[in-house]
Amino acid sequence: MPELPEVETIMRRLRDGTQDHPPLPGHKIQSVEIFWDRIIQEPDHESFKKNLQGKAIIDTRRRGKFLHFPLNVGHLIGHLRMSGDMCMEKRVTAEGNAIPKEKYDQIIFNLNSNWRLAFNSIRKFSRMWVVEDPQSVFGELGPEPLSAAFTPERLDQMLHDHSRQIKPLLMDQKFIAGLGNIYTDEILFCARIHPLRKSNMLSKQESGHLFVAIQEVLRKGIQSSGASLDWMYRGGEFQSLFKVHQREGEPCPECGTIVKKFIVGQRGTYICPRCQKEPGAA
DNA sequence: ACGAGCGCCTGTCGGC
DNA sequence: TGCCGACAGGCGCTCG
311 MPELPEVETI
321 MRRLRDGTQD
331 HPPLPGHKIQ
341 SVEIFWDRII
351 QEPDHESFKK
361 NLQGKAIIDT
371 RRRGKFLHFP
381 LNVGHLIGHL
391 RMSGDMCMEK
401 RVTAEGNAIP
411 KEKYDQIIFN
421 LNSNWRLAFN
431 SIRKFSRMWV
441 VEDPQSVFGE
451 LGPEPLSAAF
461 TPERLDQMLH
471 DHSRQIKPLL
481 MDQKFIAGLG
491 NIYTDEILFC
501 ARIHPLRKSN
511 MLSKQESGHL
521 FVAIQEVLRK
531 GIQSSGASLD
541 WMYRGGEFQS
551 LFKVHQREGE
561 PCPECGTIVK
571 KFIVGQRGTY
581 ICPRCQKEPG
591 AA
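Residues in the first sequence are numbered consecutively from 311, following this note's numbering.
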């Protein structure tokens with residue numbers, strides 16, 4: 311599922327709480343249950359549990375597609391990859407009966423209250439870390455696309471530092487943090503740029519359009535609480551705003567040309583062949 | 001430096 | 001209806 315807007319939505323829900331559950335920060339971790347070993351990336355399982363026991367969660371943040379939970383000692387970090395969610399669940403019913411875990415909960419953090427934090431993932435690609443220094447996980451990530459440090463001038467420079475197909479470059483987390491397959495298709499359509507254009511061949515005007523498209527599409531995604539893709543994630547409504555992604559055979563909302571699907575960098579890619587001119591075309 | 005292929009998982013959908 | 005392959009939002013690895 312989750313790209314930047316979906317992770318941002320999950321982060322805010324945990325950080326601020328909802329009508330149904332309290333905020334996560336301020337809780338302490340009593341115990342940890344692991345149901346799929348390979349999710350723990352670092353350190354080994356026993357140290358992972360031991361390092362978390364009794365620790366206080368002091369904040370909830372996002373960096374790229376990572377969820378970041380600073381602790382009073384150390385940092386808990388999670389990445390959902392292709393599917394999943396993190397949510398607060400009740401541990402015990404009003405009658406005092408233990409509530410069983412959800413089917414796809416892979417890791418459960420029992421908190422010092424009637425709540426637990428569940429790391430939920432159907433496909434088990436997700437990863438978690440407990441580290442002293444979050445930079446050991448985030449160190450290679452590119453800039454946050456919605457931060458003040460990310461400017462049109464910087465993007466233009468970054469694009470010209472590479473000669474790569476623009477779509478795989480935008481999805482490279484070392485280039486920019488947070489973009490995935492869906493939002494990249496929407497961004498390139500919004501900027502009228504073909505996904506196979508070489509990054510260093512974009513004009514200053516095109517890189518300016520790309521900058522605006524990146525911020526606009528991400529902001530709209532966050533405003534819509536992200537995209538819900540069938541059973542993967544049932545958060546927001548952004549999928550109804552897709553202009554080209556998963557709309558093969560439908561008319562382009564701008565010009566009516568039929569949306570085309572092809573493969574770029576092994577990923578299904580949707581474009582309007584008229585709005586997004588192929589490299590080499592005038 | 002770059003791009004292609006593949007593996008990791010489970011579930012859904014379309015075709016036969 | 002049932003089976004089977006293709007495909008899905010990510011990412012890290014190897015190889016040429």
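Ideal Cβ placement from N, Cα and C applies to all residues, glycine included.
From the options, pick the residue whose C-alpha is nearest to that of residue i; which is it?
i	options	result
G374	G578, L489 and Y493	L489
F485	A458, R502, G449 and E516	G449
I463	S473, Q515 and Q483	Going by the sequence as given, residue 463 is Glu instead of Ile. Nearest C-alpha to E463: Q515.
G394	R371, L381, H378 and R437	R437
I503	E560, A591 and F429	A591
V447	E454, W439 and P453	W439
M511	Q483, P478, F499 and H472	H472
Y414	I349, L465, P455 and K477	I349
H378	F435, T579 and P335	P335
G546	S534, R557 and R371	S534
T370	R584, G327 and D466	G327
Q475	Q576, L451 and S509	S509
A408	D482, Q416 and N424	N424
R322	D347, H555 and M398	M398
R577	E560, L480 and L520	L480
V317	H331, Q351 and R372	R372
I320	K359, K360, P353 and F376	F376
N420	A366, K570 and P453	A366
Could you spell out the range, first to last residue, of the alpha helix (DSSP H) harbouring residue i?
i	result
R319	It is worth fixing the name first, because residue 319 is Thr in this sequence and not Arg. It spans L314 to D326 - the alpha helix (DSSP H) in which T319 sits, taken as one unbroken run.
K359	H355 to L362
Q351	From DSSP, Q351 is part of no alpha helix (DSSP H) but of the beta strand (DSSP E) over I350 to E352.
V447	Q445 to F448
Name the two residues that bound the continuous beta strand (DSSP E) containing residue i.
i	result
I574	It is Val, not Ile, that sits at residue 574 in the sequence shown. First-last of the beta strand (DSSP E) with V574: K570 to V574.
F379	F376 to P380
M392	No beta strand (DSSP E) contains M392, which DSSP labels as neither H nor E.
Q556	Per DSSP, Q556 belongs to no beta strand (DSSP E) and is neither H nor E.
R577	R577 to I581
W425	W425 to N430
F419	D415 to L421
I339	I339 to I344
V440	R437 to V441
R372	R371 to R373
Assign residue i to buried or exposed, taking buried as 16 or more other Cβ atoms, counted over all protein chains shown, within 10 Å of its Cβ.
i	result
V522	exposed
W541	Any reading at W541 is ruled out, since the residue's pLDDT is 49, under 50, leaving its predicted position unreliable.
S513	exposed
V527	buried
P312	buried
D495	buried
N382	exposed
P589	exposed
Q586	buried
I492	buried
V574	buried
Q445	exposed
A458	exposed
I368	exposed
G531	buried
Q467	exposed
K477	buried
R557	buried
F572	exposed
C562	buried
Just to check my reading of the structure: residue i and residue j have Cβ atoms closer than 8 Å, yes? What is that Cβ distance to the nearest angstrom?
i	j	result
Q549	A537	4 Å
F429	G388	6 Å
P505	I581	6 Å
R426	R401	5 Å
I344	H337	So it is not a contact: roughly 19 Å between Cβ atoms.
N422	Q340	6 Å
G384	V441	7 Å
Please go through the region 450-481 and give each complete alpha helix (DSSP H) segment of 4 or more residues, from N-terminal end onward. Segments of the alpha helix (DSSP H) lying fully in the region 450-481: 462-470 and 476-481.
In chain order, each alpha helix (DSSP H) run of at least 4 residues that lies wholly inside the region 482-523: 491-501
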